[in-house]
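Visitor: Start counting the sequence shown at 2; every next residue gets the next number (this note's numbering).
By construction, the Cβ of each residue, glycine as well, lies at the ideal position given by its N, Cα and C atoms.
Just so you know, these numbers come straight off a predicted model, no measurement behind them.
Before anything else, here's the structure in question.
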Amino acid sequence: MQGAPVIVVNANTKREQGRKAQLGNIQAAKAVSDIVLTTLGPRSMLKMLLDPMGGIVMTNDGNAILREIDVQHPAAKSMIELARAQDEEVGDGTTSVIILAGEMMVAARPFIEKNIHPTEIVNGYFKALEDSVSILDEIAQQIDTDKKEEVMKALQSCIGTKFAFRWGTLISDLSLQATRIVLRGGNVNKLNLEIKRYAKVEKIPGGTLEESCVLEGVMINKDVTHPRMRREIKNPRIILLDCTLEYKKGESMTNMEMTKESDMTDALQQEINEVALMCNDILKHKPDIVITEKGVSDLAQHFLLKGNVSVIRRVRKTDNTRIARVSGATIVNRPEELQESDVGTLCGTFEVKKIGDDYFAFFVDCQNPTACSIILRGASKDVLNEMERNLHDCLAVAKNIYQDPKLLPGGGAVEMEVSARLLEKANKVEGLGQLPYKAVAYALEIIPRTLSANCGADTVRVLTELRAKHSETGGLYFGVDGNTGKIAKMNEINVWEPLSVKKQVFKTAIESACMLLRIDDVVSGIKKKQQQSGRQGEEEPQETFGDQRDG
């Protein structure tokens, strides 16, 4: 037994330890950040991704690109998660967070090669993060959210780097209008949830992008159930149900014993009476429109048509709650429990229009609606999908501004300012922690460097000038103009970013870099090769693509 090696880990697993694992992680993080490096700033490039189903994704949204990429390395997978977390939390800054995290990892490389313990590096990083966040709070400017032009400053900067910028203020107008409508509901703290729930984006291919609009009401992709029902009603009385308007079948198996020929007719008559009773409960409130989430039988349609009522059936639960918010109706479970107060009367016009091949029901001209539909028109599905992604980012920025109305100068000005101030403070940091602290300060310069590189500017000259400007007092607003690559004052060219987005970028990037640096052992299990005999017909389940894989 003396010379025999003790094998603990399965022979089929791949294992990296110590410095090799750390340098491997740094390389993986850098590789992921290089993917999205060219998609930062207004002169950014688009990426075209082909999925296994043959669909095409064209975008420069960091999260959308990384979501579609399948990677093997565990550190790279964790980097891709960052973009998703950033997207869910604040909606914007997905590209910045990946680039910054990749640069933070690269900045730690020389220390690991010099055998400095990762804990020392991490301590320096965390100290730098604390100081950075306090500097951000210090230089942030309060704005008045009631003034449209002040909010538009930040929204335009968010859209400035996107495909939708070619259409001027179109997307930022839509998102501001939608956010203000949802805000009437009153709960600013839950605005994120409210926007997802009550501002629905409807994409209709065809038409031009200029036809996109925000409805003061709701639109659903449904038609009335009977061709003779009214398709246009002014000031309708609306009843919302979430039950079926059909004869209820018995719960368990029901046997009927018939002794004379009229029994069958009586049984059918009973069904008719039951449905008629249900419809009478509805009709006594004199509605113009009845909308239900479940089915409506032909018989119920007949009775309701007699009462001159338009019926829409099988509406989604989410659409029904939006109609309730714009019309003032209450969703009722049983027709016999209907009261006058449950009838919605706040909707000004109901009409059904045909757009393209589909019928759409519009509930518009509502009084103070607290939900809305954003209609996007465009030439092709690819354009519409990209516009929707841009709109999602813009809505998120609008939400951030209303929740925390503070702005910071964009264009890399904040990063340069934080970098300059951290370098001043670095001399007061004691011990080994001073080196990684300085490394964070230099790593932050990657944002202005990438911005100027994407414009084709002379990066070294631009960065040297920027450093000089920020080392003087009053140089806070100097950053890179993403369109020309020259240095400009951000408050003059109106490039701003919400404080919450910037804070999230810094925190996510530095914290994730710290987490990855503390990994010193990577064990990845490799699947055993399938035996050839008898198992050729069985194939391994393929990993699904995009959203399904992400769960």
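Using 8 Å as the threshold, is the stretch 193–210 in touch with the stretch 343–353, meaning 3 or more CB pairs across them?
Guide: Output reads no: the stretch 343–353 does not touch the stretch 193–210.
Visitor: If you count every other CB in all the chains shown that lies within 10 Å of the CB of K529, and 16 or more means buried, which is it?
Guide: In this predicted model, K529 has a pLDDT of only 48, less than 50, meaning its place in the structure is not dependable; the value taken from the coordinates is given anyway. Label assigned to K529: exposed.
Visitor: Quick check: what's the CA-CA separation for V9 versus V123?
Guide: One C-alpha to the other measures close to 31 Å.
Visitor: Pick out the complete beta strand (DSSP E) segments inside the stretch 137–212, 3 residues or longer, and give them in chain order.
Guide: Those beta strand (DSSP E) runs which fall completely within the stretch 137–212 and span 3+ residues are 200–206.
Visitor: For E61 versus T40, is the C-beta distance shorter than 8 Å?
Guide: Contrary to the premise, residue 61 reads as Asn rather than Glu in this sequence. A contact, by the Cβ cut-off of 8 Å.
Visitor: Nearest by alpha-carbon distance to T322: which of S374, E17, S135 and D366 is it?
Guide: Among S374, E17, S135 and D366, the Cα nearest to that of T322 belongs to S374.
Visitor: Could you check what DSSP says for L24 in three-state terms: helix, strand or coil?
Guide: Note: L24 maps to helix in three-state DSSP.
Visitor: Quick check: K15 and S381, are their CB atoms within less than 8 Å of each other?
Guide: No.
Visitor: State the start and end residues of the unbroken alpha helix (DSSP H) segment that holds M105.
Guide: Element bounds for M105: T95 to E114.
Visitor: Return the chain-ordered list of same chain residues with a C-beta closer than 6 Å to the C-beta of V333, the five sequence neighbours on each side being excluded.
Guide: Taken in chain order, the residues that qualify are L242, L339 and D343.
Visitor: Between Q302, V312 and V297, which has its C-alpha nearest V291's C-alpha?
Guide: Comparing Cα-Cα distances from V291 to each of Q302, V312 and V297, the minimum goes to V312.
Visitor: State whether the stretch 359–368 contacts the stretch 221–235, with contact taken as three or more CB pairs (one from each stretch) at a distance under 8 Å.
Guide: Touching, yes, given that three or more Cβ pairs across the two stretches are closer than 8 Å.
Visitor: Could you name each continuous alpha helix (DSSP H) segment of 4 residues or more that falls completely within the stretch 348–406, going from the start of the chain to the end?
Guide: As far as the stretch 348–406 is concerned, its whole alpha helix (DSSP H) runs of at least 4 residues are 382–404.
Visitor: Can you check which of these residues, E294, K204 and P228, is closest to E247 by C-alpha distance?
Guide: Closest by alpha carbon: E294.
Visitor: Quick one: give me the first and last residue of the beta strand (DSSP E) that V291 is part of.
Guide: Segment I290 to T293, the beta strand (DSSP E) holding V291.
Visitor: Distance, Cα to Cα, T266 vs K204?
Guide: Roughly 49 Å separates the two Cα atoms.
Visitor: Closer than 7 Å: is that where the CB of C280 sits relative to any heavy atom of the ligand GTP?
Guide: Within the structure as shown, the ligand GTP is missing, as the structure has no ligands at all.
Visitor: Return yes when the Cβ of S133 is within less than 8 Å of the Cβ of L467, no when it is not.
Guide: Not closer than 8 Å, so no.
Visitor: For the stretch 443–463 and the stretch 38–54, state whether three or more C-beta atom pairs, one from each stretch, are separated by less than 8 Å.
Guide: Touching, yes.
Visitor: Does L500 pass the burial test, meaning 16 or more other C-beta atoms within 10 Å, or should it be called exposed?
Guide: L500 should be labelled buried.
Visitor: Using the beta-carbon count (16 or more within 10 Å), is P119 buried or exposed?
Guide: The residue is buried, with at least 16 neighbouring Cβ atoms inside 10 Å.
Visitor: Starting from G63, trace the alpha helix (DSSP H) in both directions and tell me its first and last residue.
Guide: Here the alpha helix (DSSP H) through G63 covers G63 to R68.
Visitor: Which one of N256, K250, P288 and D289 has the shortest CA to CA distance from I273?
Guide: Comparing Cα positions, the closest option is K250.
Visitor: I need the straight-line Cα distance from V463 to E473, nearest angstrom please.
Guide: Cα to Cα, the separation comes out at about 16 Å.
Visitor: Tell me, to the nearest whole angstrom, how far the beta carbon of I376 is from that of A155; I am working on the premise that it is less than 8 Å.
Guide: The Cβ separation is near 24 Å, so there is no contact.
Visitor: Can the beta-carbon of D383 be found closer than 8 Å to that of I70?
Guide: Cβ distance not < 8 Å, so D383 and I70 don't count as in contact.
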